[in-house]
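**Student:** Take this structure first; my questions come after.
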Amino acid sequence: MKERLELLLAQKLAQSQYGQPWSTLPPVEQRQLRSRIYREVTKELWIGTFHALFARMLRYDIDKFKDAEGLTWTKQFSIYDEADAQSFGQGDRHSGTAAGSQTLRSQETRWAISNAKNQGWLPDQLEANAEGQRGNSPLMSIGRYRKALAANNALISTIYCSCLCSCFSRTQQVRSYWHRRFRHVLVDEYQDTNRTQYDLIKLLVTDGKDPQDYDDWAGRSCLWW
Numbered sequence: 134m135k136e137r138l139e140l141l142l143a144q145k146l147a148q149s150q151y152g153q154p155w156s157t158l159p160p161v162e163q164r165q166l167r168s169r170i171y172r173e174v175t176k177e178l179w180i181g182t183f184h185a186l187f188a189r190m191l192r193y194d195i196d197k198f199k200d201a202e203g204l205t206w207t208k209q210f211s212i213y214d215e216a217d218a219q220s221f222g223q224g225d226r227h228s229g230t231a232a233g234s235q236t237l238r239s240q241e242t243r244w245a246i247s248n249a250k251n252q253g254w255l256p257d258q259l260e261a262n263a264e265g266q267r268g269n270s271p272l273m274s275i276g277r278y279r280k281a282l283a284a285n286n287a288l289i290s291t292i293y294c295s296c297l298c299s300c301f302s303r304t305q306q307v308r309s310y311w312h313r314r315f316r317h318v319l320v321d322e323y324q325d326t327n328r329t330q331y332d333l334i335k336l337l338v339t340d341g342k343d344p345q346d347y348d349d350w351a352g353r354s355c356l357w358w
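Next up, the structure:
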């Protein structure tokens, strides 16, 4: 994506600066123009999916995060894909570990975690929102599943988004760093049903207060596409 953006800008600059199409410039001048665009424009750009960008940001700050149960991760955490998460959740049912617990239903548990993420619930809010759930409910397994992941210094996508959101909302130092790092944010194909993504974007471009308050934006901008 960055290369395509550089090429589009190079084509425009070539016409305005040299008065001729990009493709007709000598190779040396093409490289110089691309290099200039990289230094001045695209070097500091971050382009990617929500999950890819949030995971990258979490690499910087996850060591500052501690959830309500005291669980922590290091910056060298692993991210489990769907297959890894499923096999990890099933585990060895005779091992006696949290991941291998007889009552742990991996797929249902991960669905419950995903739903909690989309609703913007943090781990300590899950129980309050699990009215009428008792016994072997998937919601009752989430705590064990998270502890097992933390013990392995691993995360799944539905958990690291909520970790980053919590880190942003609770740590002014983290929020201030990313406010300085990104002055403008473009969101393409925003999913308005995902509360966590909304909260993260809001915290990334404001101080999480009143979005109508001009001072809260502090010179930052966000375009929802």
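The opening position of the sequence shown corresponds to residue 134 in the numbering used here, with each subsequent residue numbered one higher.
Just so it is clear, CB atoms sit at the ideal spot from N, CA and C, and this is done for glycine as well.
1) If contact is defined by three or more beta carbon pairs under 8 Å, each pair taking one atom from either stretch, is the region 278–287 in contact with the region 202–214?
2) Please state whether DSSP places Leu319 in a helix, a strand or coil.
3) If we call anything under 8 Å between Cβ atoms a contact, is Arg189 one with Lys208?
4) Assign Ile292 to one of three DSSP states: helix, strand, or coil.
5) Pull up the distance between the alpha-carbon of Thr339 and that of Leu297, whole angstroms please.
6) Determine the DSSP secondary structure at Ala287, reduced to helix, strand or coil.
7) May I ask you to list the residues that DSSP assigns as paired with Ile334?
8) Which residues mark the beginning and the end of the alpha helix (DSSP H) in which Met190 is found?
9) Between Val307 and Leu337, which are expected to be in contact by the criterion C-beta below 8 Å, what is the C-beta distance as a whole number of angstroms?
10) Name the residue from Ile212, Phe183, Leu158 and Ala143 whose alpha carbon lies nearest to the alpha carbon of Glu322.
11) Do Leu288 and Ile212 come within 8 Å of each other at the CB atom, strictly closer than that value?
12) Measure the Cβ-Cβ separation of Ile292 and Arg313 and say whether it is below 8 Å.
13) Ile180 by DSSP, collapsed to three states: which one?
14) Please tell me whether Thr215 and Ile170 are closer than 8 Å, where the distance is taken between their beta carbons.
15) Within this structure, are the beta carbons of Lys145 and Ile180 separated by less than 8 Å?
16) Any idea if Leu141 is buried or exposed, counting beta-carbon neighbours within 10 angstroms, 16 or more meaning buried?
17) Pick from Lys197, Leu166 and Arg137: whose alpha carbon is nearest that of Gln422?
18) With a Cβ-Cβ cutoff of 8 Å, do Phe198 and Ser299 count as a contact?
19) Sorted by chain position, which residues of the same chain lie with C-beta nearer than 7 Å to Gln153's C-beta, five sequence neighbours on each side aside?
20) Could you check if Ser156 is buried or exposed, using at least 16 other CB atoms within 10 Å of its CB as the buried criterion?
**Tutor:** Judging by the given coordinates:
1) yes
2) As a position in the sequence shown, residue 319 is number 186, starting the count at 1. If DSSP states are grouped into helix, strand and coil, Leu319 belongs with the strands.
3) Sequence index remark: in the sequence shown, residue 189 carries index 56 (1-based). Sequence index remark: in the sequence shown, residue 208 carries index 75 (1-based). No, the Cβ-Cβ distance between Arg189 and Lys208 is not below 8 Å.
4) Stepping through the sequence shown from its first residue, residue 292 is reached at position 159. Here Ile292 sits in helix by DSSP.
5) On the sequence shown, residue 339 is found 206 positions in, with the first residue counted as 1. On the sequence shown, residue 297 is found 164 positions in, with the first residue counted as 1. Distance between the alpha carbons of Thr339 and Leu297: 15 Å.
6) Numbered from its first residue, the sequence shown carries residue 287 at position 154. Ala287 falls in the strand class under three-state DSSP.
7) In the sequence shown, residue 334 corresponds to position 201, counting from 1. Answer by DSSP bridge pairing: none, since Ile334 is not bridged.
8) Working through the sequence shown from its first residue, we reach residue 190 at position 57. Its alpha helix (DSSP H) spans residues Phe183 to Asp194.
9) On the sequence shown, position 174 is the one that residue 307 refers to. On the sequence shown, position 204 is the one that residue 337 refers to. With 8 Å as the limit, Val307 and Leu337 do not qualify as a contact, their Cβ atoms being about 11 Å apart.
10) Sequence index remark: in the sequence shown, residue 322 carries index 189 (1-based). Per the Cα distances, Phe183.
11) Numbered from 1 along the sequence shown, position 79 holds the residue referred to as residue 212. Numbered from 1 along the sequence shown, position 155 holds the residue referred to as residue 288. Yes; because the gap between Cβ atoms is below 8 Å, this pair is in contact.
12) Within the sequence shown, the letter at position 159 stands for residue 292. Within the sequence shown, the letter at position 180 stands for residue 313. No.
13) Along the sequence shown, read from residue 1 onward, the residue named residue 180 stands at position 47. In the structure shown, Ile180 sits in coil (DSSP, three-state: anything other than H, G, I, E or B).
14) Position 82 of the sequence shown holds residue 215. Position 37 of the sequence shown holds residue 170. The residue you asked about is not Thr; residue 215 is Glu in the sequence shown. Cβ distance not < 8 Å, so Glu215 and Ile170 don't count as in contact.
15) Counted from its first residue, the sequence shown places residue 145 at position 12. Counted from its first residue, the sequence shown places residue 180 at position 47. In this structure, Ile180 does not lie closer than 8 Å to Lys145 by Cβ.
16) Reading the sequence shown from its first residue, position 8 is the one you call residue 141. It is exposed - the Cβ of Leu141 has fewer than 16 other Cβ atoms within 10 Å.
17) One cannot answer for residue 422 here, as it falls past the ends of the chain, which runs 134 to 358.
18) Position 65 of the sequence shown, counting from 1, holds the residue named residue 198. Position 166 of the sequence shown, counting from 1, holds the residue named residue 299. In contact: Phe198 and Ser299 (Cβ atoms closer than 8 Å).
19) If you number the sequence shown from 1, residue 153 lands on position 20. Within the same chain, Gln153 has close Cβ partners Ala147.
20) Residue mapping note: residue 156 aligns to position 23 of the sequence shown, counting from 1. Burial call: exposed.
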